[in-house]
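Inspection log for the structure reproduced underneath, given as structure tokens.
Protein chains: 2
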Amino acid sequence: MKATTIYDVAKEAGVSIATVSNAINGKGNVSKKKRDEIFKVMERLQYQPSVIASALMGKKTYTLGLLIPDVSNPFFSEIARSVEDLAHSAGYSVIVCSTDNKDERVDKYLRLLEQKSVDGILIGTGTENGETLTQLAQKSIPIVMIAREAAGVSAHSVLTDDFKGGGLAAEHLLALGHSRMAILAEKLEVSSSVERVRGFRFALFEAGTELGSDSIVSCDSSIKAGKKAAAALLAREERPSAIFCCNDLLAIGALQAAKEAGVKVPEQLSIIGFDDTILSTVTNPALTTIAQPMDQMVKLAFGLLVDGQENGAPDASIRQRIVMPPSLIVRESTGKLASG
Amino acid sequence: MKATTIYDVAKEAGVSIATVSNAINGKGNVSKKKRDEIFKVMERLQYQPSVIASALMGKKTYTLGLLIPDVSNPFFSEIARSVEDLAHSAGYSVIVCSTDNKDERVDKYLRLLEQKSVDGILIGTGTENGETLTQLAQKSIPIVMIAREAAGVSAHSVLTDDFKGGGLAAEHLLALGHSRMAILAEKLEVSSSVERVRGFRFALFEAGTELGSDSIVSCDSSIKAGKKAAAALLAREERPSAIFCCNDLLAIGALQAAKEAGVKVPEQLSIIGFDDTILSTVTNPALTTIAQPMDQMVKLAFGLLVDGQENGAPDASIRQRIVMPPSLIVRESTGKLASG
DNA sequence: CTGAAAGCGCTTACAG
DNA sequence: CTGAAAGCGCTTACAG
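Listed in order, the protein sequences are those of chains A and B. Take 1 as the starting number for the first sequence in full-length UniProt numbering and just add one per residue. Take 1 as the starting number for the second sequence in full-length UniProt numbering and just add one per residue.
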């Protein structure tokens with residue numbers, strides 16, 4: 001069964017397709033009578049305008065792209081959900097793209113999205129080579145970065161103050177009386193990770209403490225990798241009394257390593273994560289972590305992406321960089337060292 | 001900067017747009033010489049064909065829709081990732097739609113996807129009213145159901161043998177010597193949930209045991225709701241020694257309720273979940289659960305959806321219903337009752 | 001082997 | 001207030 005087109009309803013309603021189009025889009029004055037008649041016919045024929053056709057005429061596709069490292073990672077799936085909801089209520093749908101932080105995948109997806117003429121792209125994935133991005137920006141397809149720094153790309157970005165987040169974690173641990181600390185970071189190419197580490201170290205420095213140079217270990221961003229790295233940390237002669245993990249996945253790995261090593265959390269070891277994903281509420285002990293105000297960040301980013309194009313967008317050219325404050329969520333995985 | 005079109009490359013290459021089109025699509029014999037020239041120009045101009053335009057000419061949009069209750073639910077985000085990967089390597093992108101199992105959202109998304117002329121829709125969400133679906137099916141947009149039964153809709157479906165899954169859970173608990181059991185189910189409108197409960201009860205029946213009529217409680221599918229319902233169960237005079245939860249979220253709620261009530265798992269209470277999501281590996285104790293072979297299921301569903309249209313599809317009309325076997329994953333949350 | 005022309009389903013000036 | 005016509009960027013017969 002072929003879908004009904006604007007021609008079908010025009011014929012049925014006894015008007016031209018131009019009038020149908022005008023009626024639908026509320027343009028050019030169509031008399032109320034005709035308009036009603038047209039809408040009645042549309043309903044009867046179950047007519048749905050083809051966005052393909054109208055997109056070809058320069059209108060929007062009402063489709064957005066979302067680039068993230070991995071939808072199956074709770075942190076990003078939560079972002080995806082927020083984006084989707086916002087998009088949905090604004091009439092957009094979103095194409096989700098998991099990049100695994102691989103440049104080739106980023107590139108391929110970006111090209112795909114361009115070919116599909118999406119109305120904008122939200123990027124929450126690492127992109128060292130801003131080349132493709134810059135090209136896109138030139139082609140006037142709006143881009144905004146979320147929870148990631150735009151590496152030399154002239155795009156708006158909304159992110160968390162990762163430096164401060166690291167500081168928050170350090171202060172919490174310091175207040176609990178810890179002094180032998182370690183850091184578990186994901187690969188240090190990711191800018192947010194670097195900032196978290198820097199912030200953590202700086203807070204320690206301000207407090208007059210310092211981190212041994214071998215106290216920062218980095219690994220892949222997964223529970224498994226985190227577990228392995230944490231296990232090595234715990235096997236050291238001078239076992240740390242607290243570990244700052246740059247994301248919840250790593251923190252969970254650390255939790256598991258501690259369990260296997262028979263090290264009690266938080267009595268003998270404090271563990272603090274980052275991101276405040278659903279995972280952190282589910283572990284036992286529940287994870288103390290640093291939360292990013294994701295809902296707000298998504299809302300801001302979405303606004304920049306979509307309204308930026310809809311309004312006259314007088315300031316579209318001036319690149320915005322919105323930084324949001326993280327917050328400490330204390331749960332059960334951190335505490336004072338049990339008696340010394 | 002306007003994007004380059006087929007006209008630009010035709011002009012540059014000194015040929016007609018028809019020839020460019022043929023060269024790109026490998027149709028109508030284009031001499032090797034011209035073809036090479038054309039490709040060179042395309043590269044130089046960074047030409048990317050518009051899928052919008054070719055879709056309008058009846059070609060595919062290379063976009064698929066995925067309907068699930070909620071991307072931020074780990075079970076579904078894992079499905080989404082598998083679908084995305086398969087789609088990606090076949091040249092498709094996927095629009096993710098979280099329906100919250102609400103009919104209105106299902107309907108709205110379905111209509112949206114239709115307007116965007118997606119090449120197919122994968123449905124993993126409850127849909128009581130098959131009406132919209134049936135309409136779509138008539139409009140010849142391919143649909144396949146995944147992990148859900150197609151309610152009276154003539155669409156392929158690939159699902160887990162939920163009845164057997166429930167049975168597996170029961171047998172496991174039975175073998176551990178339990179007799180006072182209870183079930184935590186999500187709203188009983190969801191077909192898969194009903195089957196799991198039925199399977200569980202049947203296995204008990206075969207073993208000569210029975211479930212008190214008040215031993216089946218249902219609630220929303222969330223950790224919070226599960227926790228509350230489980231707490232009520234645990235507060236009963238005749239506290240159950242084992243709870244079968246129809247999904248991991250509920251099981252985690254039960255785990256938390258037990259912790260709060262001071263009931264030790266698995267020593268005093270066994271808890272078994274369903275789905276084998278990442279969450280079940282992260283709890284402490286780790287969750288015993290029933291796994292669905294999701295990767296295989298997604299692969300099969302995707303094949304039905306995409307190849308079904310690409311091949312001559314001689315059997316496209318005969319509706320397939322593929323049922324996959326679940327399996328028991330024993331972790332730490334189930335065990336024999338400690339001494340009686 | 002190659003190109004002129006029609007057409008996909010819309011929208012947008014422009015006449016009337 | 002309404003419609004004929006051109007055009008968006010492609011593809012597909014059909015001539016040559």
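All residues carry an ideal CB built from backbone N, CA and C; glycine is no exception.
- Taking all protein chains shown into account, GLN256 of chain A has 16 or more neighbouring C-beta atoms within 10 Å of its C-beta and is therefore buried.
- When DSSP states are grouped into helix, strand and coil, HIS156 of chain B belongs to the strand group.
- At least 9 Å separates the CB of PRO266 of chain A from every CB of chain B.
- Here VAL217 of chain B is bridged, per DSSP, to B:LEU184.
- The beta carbon of PRO325 of chain A sits no closer than 9 Å to any beta carbon of chain B.
- DSSP, read as helix, strand or coil, puts MET57 of chain B in coil.
- Closest in C-alpha terms to SER280 of chain B, from the list B:GLY303, B:LEU250, B:LYS264, B:LEU300, comes B:LEU250.
- The CB of PRO69 of chain B never comes closer than 9 Å to any CB in chain A; the least such distance is about 11 Å.
- Its chain contains no residue whose beta carbon lies nearer than 6 Å to that of SER21 of chain B once the 5 sequence neighbours on both sides are disregarded.
- Shown here, GLY65 of chain A sits in a strand according to DSSP, grouped into three states.
- Under the Cβ distance rule, THR61 of chain A counts among the residues neighbouring chain B, one pair being separated by less than 9 Å.
- The beta-bridge partner set that DSSP reports for GLY273 of chain B consists of B:THR289.
- Within the model, the alpha-carbon separation for VAL96 of chain A versus ILE183 of chain A is close to 32 Å.
- In the DSSP assignment, SER93 of chain B is bridged to B:THR63.
- The beta carbon of ASP214 of chain A sits no closer than 9 Å to any beta carbon of chain B.
- Using beta-carbon distances, GLU104 of chain A does not count as an interface residue toward chain B, since no partner is under 9 Å.
- SER179 of chain B carries a coil assignment under DSSP once its states are collapsed to helix, strand and coil.
- Within the stretch 71 to 91 of chain B, the residues whose Cβ lies closer than 9 Å to any Cβ of chain A are, in chain order, VAL71, SER72, ASN73, PRO74, PHE76, SER77, GLU78, ILE79, ALA80, ARG81, SER82, GLU84, ASP85, HIS88, GLY91.
- SER191 of chain B: member of the alpha helix (DSSP H) spanning 191 to 206, first to last residue.
- Pairing THR5 of chain B with SER54 of chain B gives a Cβ-Cβ distance that is not under 9 Å.
- Along the stretch 107 to 119 of chain B, going in chain order, the ones with a CB nearer than 9 Å to a CB of chain A are LYS108, TYR109, ARG111, LEU112, LEU113, GLU114, GLN115, LYS116, SER117.
- Rounded to the nearest whole angstrom, the CA to CA distance from ARG35 of chain A to ASN29 of chain A is 10 Å.
- If you ignore the 5 residues before and after LYS227 of chain B, its C-beta comes within less than 6 Å of the C-beta of GLY253, GLN256, ALA257, all in its own chain and listed in chain order.
- Listed by position along chain A, the residues whose Cβ is nearer than 9 Å to that of PRO49 of chain B are GLN115.
- Chain B places no beta carbon closer than 9 Å to that of LYS32 of chain A, leaving this residue out of the contacts.
- Taking the C-beta atoms as reference points, GLY124 of chain A is found no nearer than 9 Å to GLY166 of chain A.
- In this structure, the straight-line span from the alpha carbon of SER77 of chain B to that of GLU78 of chain A is close to 9 Å.
- Here GLY126 of chain B carries a coil assignment [DSSP, helix/strand/coil].
- Just measuring C-alpha positions, the residue of A:ASN101, A:ALA18, A:THR99, A:GLU149 sitting nearest ALA301 of chain A is A:GLU149.
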